[in-house]
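**Q** Those protein sequence lines, which keep their order, are chains A and B. For what it's worth, my numbering labels the leading residue of the first sequence as 1, then goes sequentially. For what it's worth, my numbering labels the leading residue of the second sequence as 252, then goes sequentially. All C-beta atoms in this analysis are idealised placements derived from N, C-alpha and C, irrespective of residue type, glycine included. Since we're looking at a predicted model, the values are computed, not measured. Handing you a structure now.
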Amino acid sequence: MIGIKSLDLYALGDSAIVVQLGDRIDLETHRKVQMVSKYLEEHSFPGMVEYIPAFTTVTIFYDPLAFLSNIRYDSAEHEEMGRSVFQQVSSAVLRRLETIPDTDVPKPTVIEIPVCYGGDLGPDLEDVAGHNQLSVEEVIQIHSSAEYLTYMVGFAPGFPYLGGLSERIATPRRKTPRVSIPAGSVGIAGMQTGVYPIETPGGWQLIGRTPIRLFRPEQSPPTRIQAGNMIRFRPISRAEYEQLKEREEWR
Amino acid sequence: MALRVLKPGLLSTVQDLGRSGYQKFGVISSGAMDPFALRVSNILIGNDEYEAALELTIVGPVLYFESDMLISICGGDLSASIDGEPVPMWRAVFVRKGSTLTFGAPRQGCRAYLAVAGGFDIPLEMGSRSTYLRAAIGGWKGRALQAGDRIGIRPMSAVANKILQKISGMDDGNAFCAATHFVARDLLPSYAQHPIIRVIRGREFEQFEEAGKEVFFQAGFTLLPQSDRMGYRLKGPLLQLAEPLEMISEAVIFGTVQVPPDGNPIVLMADRQTTGGYPKIAQVISVDLPILGQVNLGATIRFSEVTLEEAQELYLIREMEIDMLKQGIRVYV
């Protein structure tokens, strides 16, 4: 059992409940988040709407009316009558999550993201190299030789919060954020690295771009990267970038 | 059956009750800023309550009816009129082919919802017709309406047809004809220019300075011009944490009041991101989200505290009222 106590459950307003699974960003907490997500994916409870996994929490959205109208007060649950909706939801969540066996989560899926580094596709690559007293080639080599764990997605559809960036290429955010960062941009911000699935404003140092469409709303699931995936960046030439981009656009 | 856009207005988008089930992928929910008005606008004309409607913001559009239609306008009062004649709100209205709907100065609130019997003929994207402007998905071509757009309408439901028959029985040949039944005034949210919004304490409430905790429930907070469908930026006394707090990003929801390091609170609205990393001082209760969604720029908001139990009780009462409204329509037809 993964050991969830009632003290780990918090109300986020009148229609969401937060399950706290740890208090720091680490692999053990991430594993629990993955287990709870997998459980909820397979077993929803009456009134449950959806869930959002994050670094240390899984937040479950519910409809209080749908929850109450579907609950059956059998003998074990009889004492629940008269308790507040949140208390009842808490018990229901606890009863279910308590049963999750503490087993190993399946080996994470590795997703390869081809990246064309530098040039106009990665305008800050030289700054990142300069900041860390490395050559551009060394930055590319370091960035593309690691495997990164997607701890969570948020900020934008499929935007991964990745762990595992080498300190050797960590670089502070740009002083002035860009008004618009093109979709596919690969960037570094402090000890984080990530890739922008859609065009947004942002202050990350842009080191390259992927031709792959990471957000594809017409497909299921709509995002290429999901929480729990391992990411590997593969350096590609400009020619290969153009070729792949064309293929993506025809898809 | 189509509605033609002659002028788009300030920001007219297609919205329903939001895109649920995809937030785990980081896809924002979107949906109506005033979900109550959207639901009622649909119920009044025999649509499913989660059908998409047009959300019209402050300056409404000019719309031309290419065919006879059954509509309803709910939410903020943006002075709607058809062929120059004021249209009553919160009721079903039969509109004759060839008429034009215009809007004037906002009288109350800032977002009106125009629902059309049958619903708009727009594909679902990830289970919803809500427009998510930043990613250009959903709604009408992923964008706000523009002049020249022509939006098709799906066939009406059997209930809508019955409502239409009742109304057309009173038809006197004018451009439009409103139903005699309407939503009881005491059922409507207490839309106010400077509302008091009920909240429950946020998860990090206790971590704020004593002075900040007190002043949060006493002071007025002004809605700044940078506010939009994503978030309301508020200006009032600065709210500071008692001690710096190491925050780890987690889910945020419609109505979460978070406080960035500059001390000015932001209320997250329909187009919020799925996760956030700022301390949460409060959470607006569900039944007051419609009131918040109608607050205009420059208005002053105050917050008052209720318990989670009260918030959930109010939620259940609101749902029962909406259910009564649905039954009322069924009895009427």
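Would you kindly report the start and end of the unbroken beta strand (DSSP E) that includes P530/B?
**A** Looking at the DSSP string, P530/B is not in any beta strand (DSSP E), and its letter there is neither H nor E.
**Q** Using a Cβ cut-off of 8 Å, pull out every chain A residue sitting near F622/B, in sequence order please.
**A** Absent from the structure is residue 622/B, since the part of chain B shown begins at 252 and ends at 584.
**Q** Threshold first: 4 residues or longer. Then list the alpha helix (DSSP H) segments lying entirely within the stretch 439-471 of chain B, N to C.
**A** Correct list: 461-467.
**Q** Rounded to whole angstroms, what is the Cα-Cα separation between G487/B and G269/B?
**A** Cα-Cα distance, rounded: 30 Å.
**Q** With which residues is T223/A paired in a DSSP beta bridge?
**A** F215/A.
**Q** Are the C-beta of G506/B and some C-beta of chain A separated by less than 9 Å?
**A** Interface residue, yes.
**Q** T29/A lies in the alpha helix (DSSP H); which residues open and close that run?
**A** L27 to E42 is the span of the alpha helix (DSSP H), which, as asked, contains T29/A.
**Q** Label N298/B either buried or exposed according to how many other C-beta atoms from any shown protein chain fall within 10 Å of its C-beta, with 16 as the threshold for buried.
**A** Buried, by the Cβ-count rule.
**Q** Check whether the stretch 370-378 of chain B touches the stretch 457-467 of chain B, taking contact to mean three or more Cβ pairs, one atom from each stretch, closer than 8 Å.
**A** Because the criterion of three Cβ pairs below 8 Å is not met, the stretch 370-378 of chain B and the stretch 457-467 of chain B do not touch.
**Q** Who are the Cβ neighbours of V110/A in its own chain at under 8 Å, not counting the five residues just before and after it?
**A** Counting only Cβ-Cβ distances below 8 Å, and skipping sequence neighbours, we find E147, N229, M230, I231 and R232.
**Q** Report the CB separation of G122/A from G208/A in whole angstroms; it is logged as a contact under 8 Å.
**A** The pair is a contact, with the Cβ atoms about 4 Å apart (cut-off 8 Å).
**Q** With 7 Å as the limit, tell me which residues of the stretch 532-563 of chain B have their beta carbon closer than that to any beta carbon of chain A; keep them in chain order.
**A** So the close ones are Q534, I536, S537, L559, E560, A562 and Q563.
**Q** Taking the alpha carbon of L490/B as the reference point, which residue from I499/B, D479/B, Q469/B and Q477/B has its own alpha carbon closest?
**A** Checked all of I499/B, D479/B, Q469/B and Q477/B; the closest Cα to L490/B is Q469/B.
**Q** Would you tell me roughly how many angstroms separate the C-alpha atoms of R31/A and E98/A, rounded to the nearest one?
**A** Computed Cα separation, rounded: 15 Å.
**Q** Identify the continuous alpha helix (DSSP H) that holds L94/A and give its terminal residues.
**A** Note, L94/A: alpha helix (DSSP H), V85 to L97.
**Q** Would you mind reading off the limits of the alpha helix (DSSP H) that contains G482/B?
**A** No alpha helix (DSSP H) contains G482/B, which is instead part of the beta strand (DSSP E) from G482 to K486.
**Q** Please name the residue, chosen from G370/B, D372/B, F371/B and M340/B, that lies closest to R358/B on a Cα-to-Cα basis.
**A** Answer by Cα proximity: M340/B.
**Q** Quick one: what's got a C-beta closer than 8 Å to S332/B's C-beta in the same chain, skipping five residues either side?
**A** The answer, listed in chain order, is V338, L352, T353, F354 and G355.
**Q** So, at 7 Å on beta carbons, what are the nonlocal neighbours of A343/B in its own chain, with the 5 sequence-adjacent residues on each side left out?
**A** Here the set comprises L295, I296, L321, S323, I414, I418 and A430.
**Q** Please list the terminal residues of the continuous beta strand (DSSP E) segment that includes M320/B.
**A** Counting along the chain, the beta strand (DSSP E) containing M320/B begins and ends at M320 to D328.
**Q** What are the boundary residues of the alpha helix (DSSP H) that includes E126/A?
**A** Its alpha helix (DSSP H) spans residues L125 to H131.
**Q** Expressed to the nearest angstrom, what Euclidean distance is found between the alpha-carbon atoms of I402/B and V535/B?
**A** Distance between the alpha carbons of I402/B and V535/B is about 35 Å.
**Q** Using only alpha-carbon positions, find the residue among F505/B, E465/B, A368/B and V584/B that is nearest to P651/B.
**A** Residue 651/B lies beyond the residue range present for chain B, which begins at 252 and ends at 584; the question has no answer from this structure.
**Q** Please state whether DSSP places G579/B in a helix, a strand or coil.
**A** Here G579/B sits in helix by DSSP.
**Q** Is it the case that the Cβ atoms of V139/A and L149/A are separated by a distance below 9 Å?
**A** Against a cut-off of 9 Å, the Cβ pair of L149/A and V139/A comes out as no contact.
**Q** Against chain B, does V85/A count as a neighbour if the rule is that its beta carbon must be under 9 Å from one of theirs?
**A** Yes, its Cβ sits closer than 9 Å to a Cβ of chain B.
**Q** Could you give the uninterrupted runs of the alpha helix (DSSP H) lying entirely in the stretch 263-327 of chain B, keeping only those of 4 residues or more?
**A** Listed in chain order, the complete alpha helix (DSSP H) runs (minimum 4 residues) inside the stretch 263-327 of chain B are 286-294.
**Q** Of the residues that make up the stretch 39-58 of chain A, which ones have a beta carbon closer than 8 Å to any beta carbon in chain B?
**A** Cβ contacts with chain B come from V49, E50, Y51, I52, P53, A54, F55, T56 and T57.
**Q** Taking the C-alpha atoms as reference points, what is the distance between P82/A and E560/B?
**A** Note that residue 82/A is Gly in the sequence shown here, rather than Pro. Rounded to the nearest angstrom, the two C-alpha atoms are 12 Å apart.
**Q** Look at the alpha carbon of V278/B and the alpha carbon of A54/A, and state the distance between them as a whole number of angstroms.
**A** Approximately 14 Å, taken between the alpha carbons.
**Q** Determine whether the beta carbon atoms of I60/A and V19/A lie at a separation below 9 Å.
**A** In contact: I60/A and V19/A (Cβ atoms closer than 9 Å).
**Q** Name, in chain order, the residues that DSSP records as bridge partners for G208/A.
**A** Bridge partners of G208/A: Y117/A and V186/A.
**Q** Do you know whose CA, among G190/A, P106/A, S15/A and R238/A, lies nearest Q87/A's CA?
**A** Q87/A has its Cα closest to that of S15/A, out of G190/A, P106/A, S15/A and R238/A.
**Q** For the alpha helix (DSSP H) containing P541/B, list its first residue and its last residue.
**A** Start and end: L540 to G544.
**Q** Closer than 9 Å between beta carbons: that is the criterion. Which residues of the stretch 198-212 of chain A meet it against chain B?
**A** Going along the stretch 198-212 of chain A in chain order, one finds I198, E199 and T200 with a Cβ nearer than 9 Å to chain B.
**Q** Apart from the five residues on each side of it in sequence, which residues of its chain come closer than 7 Å, Cβ to Cβ, to G393/B?
**A** Excluding residues within five positions, the ones whose Cβ falls inside 7 Å are T382 and A387.
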